[in-house]
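Chemist: Going by the UniProt record's numbering, the sequence shown opens with residue 1, and the numbers climb by one from there. Pasting a structure here, questions to come.
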Amino acid sequence: MSAGGDGPVTVLARGEGLAAWRQIADGLTAEIEAGRLAAGVQLPTEAALAARFGVNRHTVRRALAVLAERGLVRATQGRGTFVETPRLAYPIGRRTRFSEIVSRAGREAWGDLIAADSVPADPATAEALGIAPGDPVLELQTIHRADDTPLSTARTCLPLPRFAGLDQAYAALGSLTRAYAEFGITDYTRRSTRITARPASADEAARLDLAQGRVLIVLTSVNVDAAGVPIQATRSLFAADRVELVVEG
């Protein structure tokens, strides 16, 4: 079964009890697993696939939804549907750096700032940062990408007034490590990481180009500066289909 949009029509089996959308999904799955549809490749449009398989676009859309549920493709609004890349090995240790990890894998790392605000610290954030509940913190909402693929979305809180304006540095530099350097912090370490998992909500799935309900790895972490002072409390949500956590001793 060929997946391209410019070749001859692929004839589906009719009247044999297997729905057309299932045949399309299984055929595309086989091509992905065999490497004939390589990681990162954009699939033909729904219209092209509908012509290829002799079905309507609704049938193609259902087949692509199945592939997304299997974690084999991701649909990016306005750009199309792409074959997922292999899982990225993501070490968790004393010096966990998103940009360094992604760059070592030969991919381009970047963080997008979605929103930033000064908010009162909730009890959990206050405890993590060693401040009083209600003290002001800078809250960042971010998405982190490897090439064009979103790997995680995060909520990060930093104590104020120490990091007033860091959101602007992050927006310009696309990296917390580079933004910290603008504030005189040349190194920092991970004090703690807690790992859980849960299904993605609709909003989280949209941010990460995931099918709703796909599994997220939840990392709750605290970083400290060279003097051991907490500087960052973060809850990161990783697409479980795209990363493999490696816990370092």
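The beta carbon of each residue, even a glycine, is placed where N, CA and C say it ideally should be. These figures come from a predicted structure and were not determined experimentally.
(1) Relative to the ligand SAH, is the shortest distance from any of its heavy atoms to the C-beta of glutamine 77 smaller than 6 Å?
(2) So is histidine 144 buried or exposed if we call it buried at 16+ other beta carbons inside 10 Å?
(3) Per DSSP, aspartate 117 is paired with what?
(4) Thinking glutamate 248 and proline 91 are a contact (beta carbons under 8 Å), I'd like their distance in whole angstroms, please.
(5) Measure the beta-carbon distance from leucine 28 to leucine 37 and round it to whole angstroms, keeping in mind my assumption that it falls under 8 Å.
(6) In the DSSP output, which residue or residues are listed as bridge partners for serine 221?
(7) In terms of alpha-carbon separation, which member of Gln168, Ile131 and Asp117 lies closest to tyrosine 123?
(8) With distances taken between CB atoms, is the gap from glutamate 182 to cysteine 157 smaller than 7 Å?
(9) Over the uninterrupted alpha helix (DSSP H) stretch that includes glutamate 46, give me the two end residues.
(10) Taking the alpha carbon of valine 66 as the reference point, which residue from Gln212, Gln77, Ala116 and Ala164 has its own alpha carbon closest?
(11) Check the C-beta distance from arginine 194 over to threonine 220 and give it rounded, since I have them as a contact under 8 Å.
(12) Mind checking which residues open and close the beta strand (DSSP E) that includes glutamate 244?
(13) In three-state terms, what does DSSP make of isoleucine 92?
(14) Can at least three beta-carbon pairs, one atom from the segment 43–50 and one from the segment 109–116, be found at a separation below 8 Å?
(15) Can you find a CB in chain C that lies within less than 7 Å of the CB of glycine 40?
(16) For alanine 172, is the classification buried or exposed, using 16 other Cβ atoms within 10 angstroms of its Cβ as the cut-off for buried?
(17) I need the straight-line Cα distance from alanine 13 to isoleucine 32, nearest angstrom please.
(18) Among all the DSSP beta bridges, which residues are the ones paired with histidine 144?
(19) Kindly indicate the opening and closing residues of the beta strand (DSSP E) around threonine 81.
(20) Using DSSP with H/G/I as helix, E/B as strand and the rest coil, what is arginine 70?
(21) Would you give the residue range spanned by the alpha helix (DSSP H) that glutamine 23 belongs to?
(22) Among all the DSSP beta bridges, which residues are the ones paired with glutamine 42?
(23) Taking all protein chains shown into account, do 16 or more other C-beta atoms lie within 10 angstroms of the C-beta of valine 246, making it buried, or fewer, making it exposed?
(24) Going by DSSP, name the residue or residues bridged to leucine 216.
(25) Any idea what DSSP makes of threonine 76, helix, strand or coil?
Modeler: The relevant details are as follows:
(1) Ligands in the displayed structure: none, and consequently the ligand SAH is not present.
(2) Position 144 of the sequence shown holds residue 144. When all chains shown are included, histidine 144 counts as buried.
(3) Position 117 of the sequence shown holds residue 117. For aspartate 117, which the question treats as bridged, DSSP gives the partners Glu139.
(4) As a working note, residue 248 is residue 248 in the sequence shown. As a working note, residue 91 is residue 91 in the sequence shown. 5 Å between Cβ atoms; contact.
(5) Taking the first residue of the sequence shown as 1, we reach residue 28 at position 28. Taking the first residue of the sequence shown as 1, we reach residue 37 at position 37. Their Cβ separation, rounded to whole angstroms, is 7 Å, which keeps leucine 28 and leucine 37 in contact under 8 Å.
(6) Residue numbering aside, residue 221 sits at position 221 when the sequence shown is read from its first letter. Beta-bridge pairing links serine 221 to Thr193 and Thr234.
(7) Here residue 123 refers to the residue found at position 123 of the sequence shown. The sequence shown places proline at residue 123, not tyrosine. Out of Gln168, Ile131 and Asp117, Ile131 has the C-alpha closest to the C-alpha of proline 123.
(8) Within the sequence shown, numbered from 1, the residue matching residue 182 stands at position 182. Within the sequence shown, numbered from 1, the residue matching residue 157 stands at position 157. Not closer than 7 Å, so no.
(9) As a first step, residue 46 is located in the sequence shown; it is residue number 46 there, counting from the start. First-last of the alpha helix (DSSP H) with glutamate 46: 46–53.
(10) The residue you call residue 66 lines up with position 66 of the sequence shown. Out of Gln212, Gln77, Ala116 and Ala164, Gln212 has the C-alpha closest to the C-alpha of valine 66.
(11) As a working mapping, residue 194 is identified with position 194 in the sequence shown. As a working mapping, residue 220 is identified with position 220 in the sequence shown. Between threonine 220 and arginine 194 the Cβ distance is about 4 Å, and since that is below 8 Å, they are a contact.
(12) Taking the sequence shown and counting its residues from 1, one reaches residue 244 at position 244. Glutamate 244 -> beta strand (DSSP E) spans 243–247.
(13) Within the sequence shown, residue 92 is the residue found at index 92, counting from 1. In this structure, isoleucine 92 counts as strand in the three-state DSSP scheme.
(14) no
(15) The structure shown contains no chain C, having only a single protein chain.
(16) Your numbering for residue 172 matches position 172 in the sequence shown. Classification for alanine 172: exposed.
(17) If you number the sequence shown from 1, residue 13 lands on position 13. If you number the sequence shown from 1, residue 32 lands on position 32. Approximately 21 Å, taken between the alpha carbons.
(18) Here residue 144 is taken as the residue at index 144 of the sequence shown, counted from 1. Paired residue(s): Gly111 and Ser152.
(19) On the sequence shown, position 81 is the one that residue 81 refers to. Run containing threonine 81: 80–83, per the beta strand (DSSP E) assignment.
(20) Start at 1 with the first residue of the sequence shown, and residue 70 comes out as number 70. It is coil, neither helix nor strand.
(21) Position 23 of the sequence shown holds residue 23. Note, glutamine 23: alpha helix (DSSP H), 20–33.
(22) Start at 1 with the first residue of the sequence shown, and residue 42 comes out as number 42. Note: glutamine 42 sits in a beta bridge opposite Phe82.
(23) For the purposes of this step, residue 246 is identified with residue 246 of the sequence shown, where counting begins at 1. When all chains shown are included, valine 246 counts as exposed.
(24) Indexing the sequence shown from 1 puts residue 216 at position 216. In the DSSP output, where bridge partners are listed per residue, leucine 216 has Arg198 and Ala239.
(25) As a working mapping, residue 76 is identified with position 76 in the sequence shown. Residue state, collapsed to three classes: strand.
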